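J.:
Protein chains in written order, with the UniProt record's numbering: chain A, 1 to 232; chain B, 1 to 232; chain C, 1 to 232; chain D, 1 to 232.
(1) Is the distance from the Cβ of residue 118/C to the Cβ of residue 98/D below 8 Å?
(2) Please classify residue 117/B: does DSSP put it in a helix, a strand, or coil?
(3) Quick check: what's the CA-CA separation for residue 147/B versus residue 192/D?
(4) Pull up the DSSP beta-bridge partners for residue 123/C, would you.
(5) Would you call the CB atoms of residue 25/C and residue 102/C closer than 8 Å?
(6) Please return the same chain residues whose Cβ sits closer than 7 Å to the Cβ of residue 110/B, not counting the five positions on each side in sequence.
(7) Consult DSSP for residue 88/C and reduce its assignment to one of helix, strand or coil.
(8) Do residue 151/D and residue 61/D count as a contact pair if the criterion is CB distance below 8 Å?
(9) Identify whether residue 197/D lies in helix, strand or coil by the three-state DSSP scheme.
(10) Please check if any C-beta of chain C sits within less than 8 Å of the C-beta of residue 212/B.
(11) Quick one: give me the first and last residue of the beta strand (DSSP E) that residue 35/D is part of.
(12) Output the distance between the C-alpha atoms of residue 90/A and residue 36/A, rounded to the nearest integer angstrom.
(13) Taking 8 Å as the CB-CB cut-off, is residue 135/A touching chain D?
(14) Just tell me which of 132/B, 9/B and 70/B has its CA closest to the CA of residue 208/A.
(15) Would you say residue 220/C lies against chain D (beta-carbon separation less than 8 Å)?
(16) What would DSSP say about residue 154/D, mapped onto helix, strand or coil?
(17) Name, please, each residue of chain A whose Cβ falls closer than 7 Å to the Cβ of residue 231/D.
(18) What does residue 167/B reach in chain C if we use C-beta pairs closer than 8 Å?
(19) Cα separation between residue 55/A and residue 9/A?
(20) Between which two residues does the beta strand (DSSP E) carrying residue 166/B extend?
(21) Return the bridge partner residues of residue 174/A from the DSSP annotation.
(22) In whole angstroms, give me the CA-to-CA distance for residue 106/B and residue 142/B.
(23) In the structure shown, what three-state DSSP assignment does residue 41/C receive?
(24) Which one of 136/A, 45/A and 71/A has the shortest CA to CA distance from residue 79/A?
(25) Let me see if you follow: with CB-CB separation under 8 Å, is residue 203/D close to chain E or not?
(26) Which residues of chain D have a Cβ atom closer than 8 Å to the Cβ of residue 191/C, listed in chain order?
(27) Taking its Cβ as the centre, do 16 or more other Cβ atoms sit within 10 Å of residue 77/A, making it buried, or is it exposed?
(28) Based on the DSSP output, what are the partners of residue 129/A in its beta bridges?
(29) Could you pull the DSSP bridge partners for residue 62/D from this structure?
(30) Output yes if chain C places a C-beta closer than 8 Å to the C-beta of residue 96/D; else output no.
(31) Could you run through the stretch 123-148 of chain C and flag, in chain order, every residue whose CB is less than 8 Å away from some CB of chain B?
(32) Have a look at the DSSP bridge pairing and note the partners of residue 95/A.
(33) Examine chain B for any beta-carbon lying closer than 8 Å to the beta-carbon of residue 100/C, and answer yes or no.
(34) For my contact list, residue 33/C and residue 93/C are in at a C-beta cut-off of 8 Å; report their separation, rounded to the angstrom.
(35) Residue 224/C versus chain D: which residues are under 8 Å apart at the beta carbon?
(36) Using beta carbons (cut-off 8 Å, strictly below), is residue 14/B in contact with chain A?
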């Protein structure tokens with residue numbers, strides 16, 4: 001048995017959540033799960049329908065994007081995953097989808113304003129939208145550069161990837177991450193729900209104000225930080 | 001067997017309706033069921049996925065928010081439930097969700113106008129939206145104060161909680177209640193449907209007029225009051 | 001066995017289609033099926049959830065709205081059905097729902113413009129929306145008068161109920177009918193789909209033009225009239 | 001056994017995908033599958049509900065629209081399929097639906113702007129919308145002329161049907177095609193998803209810019225062309 005069996009299983013199960021949560025059409029999404037000690041991650045093979053996936057079909061890749069184990073070609077977005085794992089040591093799971101509402105905000109190249117507590121339960125800022133990539137990045141090693149587009153945006157805007165576990169890439173679609181692949185999938189579903197609600201909020205009041213700071217702080221602390229009291 | 005078994009069962013069954021009715025993502029919602037004679041209510045434990053719920057996992061809490069029985073931490077919204085039960089003697093069930101359309105109206109901080117008979121079959125006024133809480137209330141005992149935010153809004157606006165069994169809390173999300181937990185869940189689903197239709201109505205005619213008084217009165221009396229003739 | 005068994009069975013099956021087609025929440029809808037020779041129709045009992053319905057629970061009512069057979073109270077909309085059956089001899093099935101998009105148009109008090117061939121395959125005019133009823137009609141025998149509101153609208157606008165098998169009642173919701181209860185249910189689903197598309201069409205182009213006459217005529221004739229060539 | 005059994009089976013399976021993918025209501029859609037060597041295609045019979053379809057019920061038609069085998073009348077759109085097969089030698093599958101979002105764009109008579117990479121993964125231009133047909137074409141052999149309306153639009157606008165496997169027919173609805181019936185169905189689902197996202201994108205930013213050329217090129221080449229690296 002592969003010594004990577006545990007992350008293949010984790011990545012498989014996390015990938016299978018995407019269609020159940022309504023986040024993907026056909027193969028438009030992928031999840032990876034990393035093992036930091038082994039220095040690799042397991043990721044969905046490219047273009048394989050979800051109902052044909054098995055744990056064995058997951059591809060093992062190192063943090064430079066080299067395939068380590070597996071007969072299938074890994075997801076075309078593999079290098080983006082690799083870059084994020086390499087530079088952000090605190091994450092062990094990454095998800096990429098083209099979920100409808102999050103992708104629409106990405107296409108409109110807008111950050112998603114924080115309008116309510118559903119959003120504030122998960123992060124204290126607008127959901128960031130990185131601008132579309134510069135042409136030299138696109139023409140070069142595109143997926144690799146997509147990873148840097150995300151990392152640079154966080155750096156340039158003083159954002160903390162441990163606090164903000166999601167981003168929209170302008171004209172493209174969302175990426176989310178977390179301490180586990182399961183958490184990263186959770187974040188993708190939350191992002192889609194928040195994107196839907198924010199769209200409706202602006203339609204109901206075109207000048208809806210952002211959530212005030214006291215509420216942002218309170219709701220975030222309910223779920224996070226030293227005095228959190230959500231969950232068991 | 002616990003002497004609270006009956007309300008645990010009721011609360012369990014009512015909670016399980018939320019995902020079936022499409023009103024919750026993950027654990028973003030909770031239902032409680034009260035027994036007035038025993039002076040307690042059963043409520044969903046915090047952060048437990050719906051497919052792991054059992055009647056035994058429900059937590060018994062008194063009307064001051066103290067846990068009376070149960071090994072799990074109760075919903076983080078428990079104190080809001082407790083306040084409503086304490087001050088509104090006529091209710092035995094409460095629901096809180098972040099359902100998509102109702103939450104969007106709450107985020108836009110707008111009451112939902114009464115546009116049609118679907119709405120009027122259930123209440124004769126716009127669906128109230130309490131303003132976001134003052135900072136001193138947020139910084140204090142937040143969930144406890146959320147209860148008072150709701151109660152004060154009803155008092156200040158001369159609304160009757162027995163006639164209007166739902167409210168949006170500005171920037172947050174809806175709460176509904178009723179004589180039973182089942183009725184409170186029903187109200188949450190009705191609210192979501194009415195919120196959806198009202199949003200569409202304004203999109204189809206930005207100046208759509210509110211329903212006229214004679215129709216409001218007629219439809220409400222069909223389902224309520226001494227001469228009601230809806231149902232068996 | 002009841003001599004009305006056949007229409008009870010027909011009405012039961014047609015009613016059970018409503019939740020399957022996503023046209024009703026809870027009990028917000030009803031279907032009836034008439035037998036012209038017997039001068040009666042079978043209709044859903046009031047307020048009974050769809051999953052508790054059986055053919056035996058259907059109520060038999062005559063065209064003046066009198067209950068002829070059945071232990072349960074008939075739908076609160078029964079008199080509207082009775083009036084339509086009485087005055088429109090060519091119909092044997094009627095459906096009333098509060099389906100989301102059709103109801104939103106009714107709440108906005110707008111006829112649904114004919115924008116495309118999906119619409120033209122079924123009728124050659126905008127989908128009519130009768131104005132909200134006058135107060136004297138509302139205060140009186142409301143459901144009875146709702147029937148006349150529909151019939152009068154058709155008469156005043158020279159519309160033919162055999163050609164246009166659906167209407168929105170302003171501020172209320174849609175009614176549809178047909179030669180059979182099954183056809184009336186079909187019409188309710190078509191209406192909801194057309195209402196959804198028309199709403200989106202106006203959002204995509206606020207000045208979208210109505211379908212031109214030559215296309216209206218062609219598509220309608222494909223499905224109807226002497227030279228129709230749709231279906232078997 | 002029919003010598004056309006293989007395309008009957010293919011057409012049957014492809015047709016059955018339409019309701020699963022949420023692309024059709026009732027019988028509002030059809031798929032055909034061609035065999036170039038035999039010079040025929042198999043197509044859905046007209047007006048038969050999807051749950052009553054079997055491979056045997058598929059109708060065999062030649063590229064001039066003549067029925068070659070089968071007891072049922074073929075889809076009313078058969079001649080449109082025939083024309084496309086006759087003039088576009090590279091396609092072996094065609095789909096016609098009235099899917100909600102694509103049809104709304106067709107009704108608004110607008111091409112769908114290329115706003116993001118979901119779109120660019122499949123084609124490098126806006127999704128074309130042919131204008132509504134001229135009256136002389138409508139009055140004549142309508143479905144036959146619909147085929148020419150599509151072919152002429154591609155010719156007049158220098159579009160390549162092998163690169164752009166979908167079109168909206170103004171005021172009507174979408175047609176898609178591909179090297180196989182399965183691919184044509186895939187294209188219908190992609191079109192509907194892209195139409196939905198594009199609608200939302202314009203709502204989120206009414207002046208959202210089209211995707212820039214470098215991104216269009218990159219994403220398309222990921223999935224197509226000599227250096228593609230998507231899939232296995």
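For each residue, glycine too, the CB sits at the ideal point set by N, CA and C. Source: prediction; values computed, not measured.
T.: Considering the structure as presented:
(1) Numbered from its first residue, the third chain carries residue 118/C at position 118. Numbered from its first residue, the fourth chain carries residue 98/D at position 98. In contact: residue 118/C and residue 98/D (Cβ atoms closer than 8 Å).
(2) Here residue 117/B refers to the residue found at position 117 of the second chain. Helix.
(3) Working through the second chain from its first residue, we reach residue 147/B at position 147. Working through the fourth chain from its first residue, we reach residue 192/D at position 192. Roughly 44 Å between the two C-alpha positions.
(4) Along the third chain, read from residue 1 onward, the residue named residue 123/C stands at position 123. Residue 123/C pairs with nothing; no bridge assigned.
(5) Working through the third chain from its first residue, we reach residue 25/C at position 25. Working through the third chain from its first residue, we reach residue 102/C at position 102. Cβ distance not < 8 Å, so residue 25/C and residue 102/C don't count as in contact.
(6) Here residue 110/B corresponds to residue number 110 of the second chain, with the count starting at 1. Cβ neighbours of residue 110/B beyond the five flanking positions: 129.
(7) For the purposes of this step, residue 88/C is identified with residue 88 of the third chain, where counting begins at 1. Looking at residue 88/C - three-state DSSP - the assignment turns out to be coil, as it is neither helix nor strand.
(8) Your numbering for residue 61/D matches position 61 in the fourth chain. Your numbering for residue 151/D matches position 151 in the fourth chain. No, the Cβ-Cβ distance between residue 61/D and residue 151/D is not below 8 Å.
(9) Numbered from its first residue, the fourth chain carries residue 197/D at position 197. Helix, per DSSP.
(10) As a working note, residue 212/B is residue 212 in the second chain. So yes, residue 212/B belongs to the interface.
(11) Within the fourth chain, residue 35/D is the residue found at index 35, counting from 1. From DSSP, the beta strand (DSSP E) with residue 35/D extends over 29-35.
(12) To locate residue 90/A, count along the first chain from 1; it is residue 90. To locate residue 36/A, count along the first chain from 1; it is residue 36. Rounded to whole angstroms, residue 90/A to residue 36/A spans 9 Å at the Cα level.
(13) Working through the first chain from its first residue, we reach residue 135/A at position 135. Output row for residue 135/A: interface = yes.
(14) In the first chain, the residue the question calls residue 208/A occupies position 208. Comparing Cα positions, the closest option is 132/B.
(15) For this step, residue 220/C is matched to residue 220 along the third chain. So, not an interface residue.
(16) The sequence position of residue 154/D within the fourth chain is 154, counting from 1. Helix at residue 154/D.
(17) Working through the fourth chain from its first residue, we reach residue 231/D at position 231. By Cβ distance, chain A contributes 46 and 47.
(18) On the second chain, residue 167/B is found 167 positions in, with the first residue counted as 1. Those do not exist, as residue 167/B stays about 20 Å from chain C at its closest Cβ, beyond 8 Å.
(19) Translated into positions along the first chain, residue 55/A becomes position 55. Translated into positions along the first chain, residue 9/A becomes position 9. In a straight line, the C-alpha of residue 55/A is about 5 Å away from that of residue 9/A.
(20) The residue given as residue 166/B occupies position 166 in the second chain. Looking at the DSSP string, the run of the beta strand (DSSP E) that includes residue 166/B is 166-169.
(21) Taking the first chain and counting its residues from 1, the one referred to as residue 174/A is at position 174. For residue 174/A, which the question treats as bridged, DSSP gives the partners 168/A.
(22) As a position in the second chain, residue 106/B is number 106, starting the count at 1. As a position in the second chain, residue 142/B is number 142, starting the count at 1. Spanning the two alpha carbons is a distance of roughly 18 Å.
(23) By 1-based counting over the third chain, the position of residue 41/C is 41. Three-state DSSP puts residue 41/C in a strand.
(24) Here residue 79/A refers to the residue found at position 79 when the first chain is read from its first residue. It is 45/A.
(25) No chain E is present in this structure, whose protein chains are A, B, C and D.
(26) Mapped onto the third chain, residue 191/C falls at position 191. Chain D residues near residue 191/C: none, gap ~11 Å exceeds 8 Å.
(27) Counting from one through the first chain, the residue named residue 77/A turns up at place 77. Buried is the call here.
(28) On the first chain, position 129 is the one that residue 129/A refers to. The partner list for residue 129/A (beta bridge, DSSP) reads 168/A.
(29) Counted from its first residue, the fourth chain places residue 62/D at position 62. Paired residue(s): 40/D.
(30) In the fourth chain, the residue the question calls residue 96/D occupies position 96. No, its Cβ sits nowhere closer than 8 Å to a Cβ of chain C.
(31) 132, 133, 135, 138, 139 and 142
(32) Taking the first chain and counting its residues from 1, one reaches residue 95/A at position 95. 31/A and 176/A.
(33) As a working note, residue 100/C is residue 100 in the third chain. It does: the Cβ of residue 100/C has a partner Cβ on chain B nearer than 8 Å.
(34) For this step, residue 33/C is matched to residue 33 along the third chain. For this step, residue 93/C is matched to residue 93 along the third chain. Residue 33/C to residue 93/C, Cβ: 5 Å. Contact.
(35) Here residue 224/C is taken as the residue at index 224 of the third chain, counted from 1. Simply none; closest approach about 12 Å.
(36) Residue mapping note: residue 14/B aligns to position 14 of the second chain, counting from 1. So no, residue 14/B is outside the interface.
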